[in-house]
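First up is the structure itself, then whatever we jot down about it.
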Amino acid sequence: DGGITQSPKYLFRKEGQNVTLSCEQNLNHDAMYWYRQDPGQGLRLIYYSQIVNDFQKGDIAEGYSVSREKKESFPLTVTSAQKNPTAFYLCASSYLAGNGYEQYFGPGTRLTVT
Amino acid sequence: GQQVMQIPQYQHVQEGEDFTTYCNSSTTLSNIQWYKQRPGGHPVFLIQLVKSGEVKKQKRLTFQFGEAKKNSSLHITATQTTDVGTYFCAGHDNAGNMLTFGGGTRLMVKP
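Residue numbers (this note's numbering), protein chains in the order written: chain A, 1 to 114; chain B, 1001 to 1111.
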């Protein structure tokens, strides 16, 4: 059954702690993306990766870090430097980056930091 | 940078009424995509438009891409409760690998 998995669905952390969100895909897609969604808001791009061992900053990369060591996996670390980390985080993938390719989204992780 | 705006932000309709959401970009787009996110869910791809003036239909949904490739619309005829959700437009500009999303229009349908 092909798709994108994100875990966990809900995550609670104390302020000052780093936390890593998991994203795995078995669609054989080259491109992967991380978005942040705040209540009633659209999606804002945090980081994207076009290929293994390569990634680029999106519009709101500050306070986040990523790695792409395997084609299937694109974990996102929310660092203590992120001022407002509580949000819904969505991972997506597409066959290739760029024009003409639809994005497939995972179910998301709701992160709450107190 | 590129900005994509959607109006309205919210829309309440009675079941059976029509619904339209509008999308406007600050720059010319190479394509526009539409996604639907059900409450508590994740965005799901609906369609992509590429050509200037293009119109595509999916059952009760009609999608249009403007002649200048800077605006788009989604029209739903005779809404049903299953149409409830947030509809996002998203566009690639001619340069980039990044998809810029609009803020979305949340549709609520009263049975």
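For glycine and all other residues, C-beta sits at the position ideal for the given N, C-alpha and C.
Taking CB atoms only, asparagine 99 (chain A) has a neighbour in chain B less than 9 Å away.
For tryptophan 1034 (chain B), the closest C-alpha among the options B:Gln1011, B:Ser1026, B:Gln1006 and B:Asp1018 is that of B:Gln1006.
At a Cβ-Cβ threshold of 9 Å, glycine 1091 (chain B) and serine 1052 (chain B) do not count as neighbours. Taking a C-beta cut-off of 7 Å against chain B, the contacting residues of the region 38–55 of chain A are Gln41, Gly42, Leu43, Leu45, Tyr48 and Gln50, listed in chain order. Listed along the chain, the chain A residues whose CB falls inside 7 Å of the CB of histidine 1042 (chain B) are Leu90, Phe105, Gly106, Pro107 and Gly108.
Within the same chain, Cβ atoms closer than 6 Å to the Cβ of threonine 79 (chain A) are found at Asn18 and Gly63, the five residues on either side in sequence being excluded.
Here the C-alpha atom of cysteine 91 (chain A) lies approximately 10 Å from the C-alpha atom of leucine 45 (chain A). Excluding its 5 nearest sequence neighbours in each direction, glycine 3 (chain A) has C-beta neighbours in its own chain below 8 Å: Gln25, Asn26, Leu27, Tyr104 and Gly106, listed in chain order. Under the 9 Å criterion on CB atoms, aspartate 30 (chain A) is classed as non-interfacial with respect to chain B.
Within chain B, the residues whose beta carbon sits less than 8 Å from that of glutamate 102 (chain A) are Gln1033, Phe1045 and Gln1048, listed in sequence order. Contact check for lysine 1036 (chain B) against threonine 1086 (chain B) passes: the beta carbons are separated by less than 9 Å.
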